[in-house]
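**Q** Quick one: the structure is below, and I'll ask about it shortly.
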Amino acid sequence: MKKNLTLRYTVQQCAYWAAAAGVVSFATAFLLEKGFAASHIGILLASGNLLSCVAQPMLAGMADRIGRNIVKWFILGLTTVSMVCFGGIRLLNAQGPLYGLIYLLGVFALDAMNPLLNAVSVSYNQQGFRINYGVGRGIGSFAYAVSALVIGKVMAAWGADWMIYIALGLLAVNVAVTLGYPALPESGVRQATASQCCSVPVFFRRYKWYCVSLLGVMSLAMFHSMTENYLIEIVSPLGGDSGTVGIALFVATAIEMVVIVNFDWLRTRISDNWLLRLAGLSFLLKSVLFLMAKNVIAVYGIQLLQATSYSFLSPTQLYYAEAKVNPADMVKGQAFITAAYTLGCAIGNFTGGQLLDAFDVRTLLWAGVAMATAGTAVFFLTVDKKDKI
Numbered sequence: 006m007k008k009n010l011t012l013r014y015t016v017q018q019c020a021y022w023a024a025a026a027g028v029v030s031f032a033t034a035f036l037l038e039k040g041f042a043a044s045h046i047g048i049l050l051a052s053g054n055l056l057s058c059v060a061q062p063m064l065a066g067m068a069d070r071i072g073r074n075i076v077k078w079f080i081l082g083l084t085t086v087s088m089v090c091f092g093g094i095r096l097l098n099a100q101g102p103l104y105g106l107i108y109l110l111g112v113f114a115l116d117a118m119n120p121l122l123n124a125v126s127v128s129y130n131q132q133g134f135r136i137n138y139g140v141g142r143g144i145g146s147f148a149y150a151v152s153a154l155v156i157g158k159v160m161a162a163w164g165a166d167w168m169i170y171i172a173l174g175l176l177a178v179n180v181a182v183t184l185g186y187p188a189l190p191e192s193g194v195r196q197a198t199a200s201q202c203c204s205v206p207v208f209f210r211r212y213k214w215y216c217v218s219l220l221g222v223m224s225l226a227m228f229h230s231m232t233e234n235y236l237i238e239i240v241s242p243l244g245g246d247s248g249t250v251g252i253a254l255f256v257a258t259a260i261e262m263v264v265i266v267n268f269d270w271l272r273t274r275i276s277d278n279w280l281l282r283l284a285g286l287s288f289l290l291k292s293v294l295f296l297m298a299k300n301v302i303a304v305y306g307i308q309l310l311q312a313t314s315y316s317f318l319s320p321t322q323l324y325y326a327e328a329k330v331n332p333a334d335m336v337k338g339q340a341f342i343t344a345a346y347t348l349g350c351a352i353g354n355f356t357g358g359q360l361l362d363a364f365d366v367r368t369l370l371w372a373g374v375a376m377a378t379a380g381t382a383v384f385f386l387t388v389d390k391k392d393k394i
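Under this note's numbering, the letters of the sequence shown match residues 6 to 394, in that order.
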């Protein structure tokens, strides 16, 4: 029996998500402190997401053609790019547009890594290694929660720059852990022939219903990203600050960890299609409750809905893509669903910044209701449809 890689995968997920808690979830608070307007922050974050959205299918297509061993080196390369960018804004003392551009590239590289982490789990499990995705991803969520809590407190006490220092340390851990993965035998990995592995344009034609269902993922990502990245703006009128954001993110991701760690058990009782539908309904309820919130305690309570919203949506994406897409297109299948989520984040970040500058938080929250409604409707209409593959 081949080696159990769950511990290594768990450490990798922890390092990745703990770093993301800083550079993504606290991006708005960080860049506001650096003098950026909310609309400019929205454009920066959206641009990073869009770059990632374009790059993910391209990287995935290369991985499907070359072999799964390349995934490890893609992860190392993207991590290095992130470290250079986030370290560069401190060492170079960059200012203004250059500062924003470097930060954008760092976020892009971090986002582009996400589907590759999913591909690591699928690839090694297919070759007889043992990786418990639910445990790795669930504990990664807990690491995100702890990191959000710590970073929120550290930024409030010592300033925004400390978020960068923490993220750099975590990304260094990711490099060390990734280097330790064993090589996969290419003869076993490349069971699919080149003719079975389709190009990106053909993918859209071959998996029509799958691609339409990704509009639901995109819409829910718009809501989730917008409300999470602009949570500082949501809680400020209620008397909150960056410390409040840290606590709110900790509450959400702590409950998320409990659900995802037990996700294999959950899937034996609820189908993937229904998990996606329930995720949509939970996001919709969350959007309505945000509109009704009167204080920060209410916000903390709303964050408990993470248990059935993001906690259902995120891990189900891996299994849903695996079920809907041929093994020959496995990495592309993971990349497309992650790219849909990333594109939703881009639109949510951009929309949130524009709405806050042009209108107010209330308008942003109403837009969130519309996004959650659209995503839920798409899931109910499409997830049971099958493509002829």
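By construction, the Cβ of each residue, glycine as well, lies at the ideal position given by its N, Cα and C atoms. In this text the structure is predicted, and so the values were computed from the model without any measurement.
Report the residue from N9, L370 and T249 whose alpha carbon sits nearest the alpha carbon of V155.
**A** As a first step, residue 155 is located in the sequence shown; it is residue number 150 there, counting from the start. Here the closest residue by C-alpha is T249.
**Q** Please classify G338: is it buried, with 16 or more other beta-carbons within 10 angstroms of its beta-carbon, or exposed?
**A** Here residue 338 refers to the residue found at position 333 of the sequence shown. Classification of G338: buried, given that the 10 Å Cβ count is 16 or more.
**Q** Do N54 and C350 have their CB atoms nearer than 8 angstroms?
**A** Here residue 54 corresponds to residue number 49 of the sequence shown, with the count starting at 1. Here residue 350 corresponds to residue number 345 of the sequence shown, with the count starting at 1. Result yes, Cβ atoms of N54 and C350 sit closer than 8 angstroms.
**Q** Is the separation between the beta-carbon of G3 and that of Q322 shorter than 8 angstroms?
**A** Residue 3 is absent from the model: the chain starts at 6 and stops at 394.
**Q** With 16 as the cutoff for other CB atoms within 10 Å, does K7 come out buried or exposed?
**A** Working through the sequence shown from its first residue, we reach residue 7 at position 2. By the 10 Å Cβ count, K7 comes out exposed.
**Q** How would you call V263, buried or exposed, if buried means at least 16 neighbouring beta carbons within 10 angstroms?
**A** Taking the sequence shown and counting its residues from 1, one reaches residue 263 at position 258. Exposed is the call here.
**Q** Buried or exposed for F364, going by 16 or more other Cβ atoms inside 10 Å?
**A** Along the sequence shown, read from residue 1 onward, the residue named residue 364 stands at position 359. So F364 ends up on the exposed side.
**Q** Would DSSP call N300 helix, strand or coil?
**A** Stepping through the sequence shown from its first residue, residue 300 is reached at position 295. The answer is coil: DSSP assigns N300 none of H, G, I, E or B.
**Q** Please report how far the alpha carbon of M297 lies from the alpha carbon of L318, in whole angstroms.
**A** Counted from its first residue, the sequence shown places residue 297 at position 292. Counted from its first residue, the sequence shown places residue 318 at position 313. Each residue's Cα considered, the two are about 24 angstroms apart.
**Q** For M223, which of L96, A333, A379 and Q17 has the nearest alpha-carbon?
**A** If you number the sequence shown from 1, residue 223 lands on position 218. Nearest C-alpha to M223: A379.
**Q** Helix, strand or coil for N54 per DSSP?
**A** One-based indexing of the sequence shown puts residue 54 at position 49. Three-state result, N54: helix.
**Q** By DSSP, does N9 sit in helix, in strand, or in coil?
**A** As a working note, residue 9 is residue 4 in the sequence shown. Of the three classes helix, strand and coil, the one that applies to N9 here is strand, per DSSP.
**Q** Out of G105, S146, G40 and C90, which has the shortest C-alpha to C-alpha gap to Q18?
**A** Within the sequence shown, numbered from 1, the residue matching residue 18 stands at position 13. The candidate whose alpha carbon is nearest that of Q18 is S146.
**Q** Distance check for T258 and Y149, CA to CA, integer angstroms please.
**A** Mapped onto the sequence shown, residue 149 falls at position 144. Mapped onto the sequence shown, residue 258 falls at position 253. Roughly 7 angstroms separates the two Cα atoms.
**Q** Terminal residues of the continuous alpha helix (DSSP H) containing D116?
**A** Along the sequence shown, one-based indexing puts residue 116 at 111. Counting along the chain, the alpha helix (DSSP H) containing D116 begins and ends at G101 to Q131.
**Q** Going by CA-CA distance only, name the one from V178, L115, M168 and R282 that's closest to Y325.
**A** As a working note, residue 325 is residue 320 in the sequence shown. Minimum Cα distance to Y325 is reached at R282.
**Q** What's the C-alpha gap between V366 and F134?
**A** As a working mapping, residue 366 is identified with position 361 in the sequence shown. As a working mapping, residue 134 is identified with position 129 in the sequence shown. Near 48 angstroms, if we compare the C-alpha coordinates of F134 and V366.
**Q** Within 10 angstroms of its Cβ, does D389 collect 16 or more other Cβ (buried), or is it exposed?
**A** Position 384 of the sequence shown, counting from 1, holds the residue named residue 389. Label assigned to D389: exposed.
**Q** Could you name the residues that DSSP lists as bridge partners for R135?
**A** Counting from one through the sequence shown, the residue named residue 135 turns up at place 130. For R135, which the question treats as bridged, DSSP gives the partners N9.
**Q** Would you kindly work out how many angstroms separate the C-alpha atoms of C58 and P320, rounded to a whole number?
**A** Translated into the one-based positions of the sequence shown, residue 58 becomes position 53. Translated into the one-based positions of the sequence shown, residue 320 becomes position 315. In a straight line, the C-alpha of C58 is about 19 angstroms away from that of P320.
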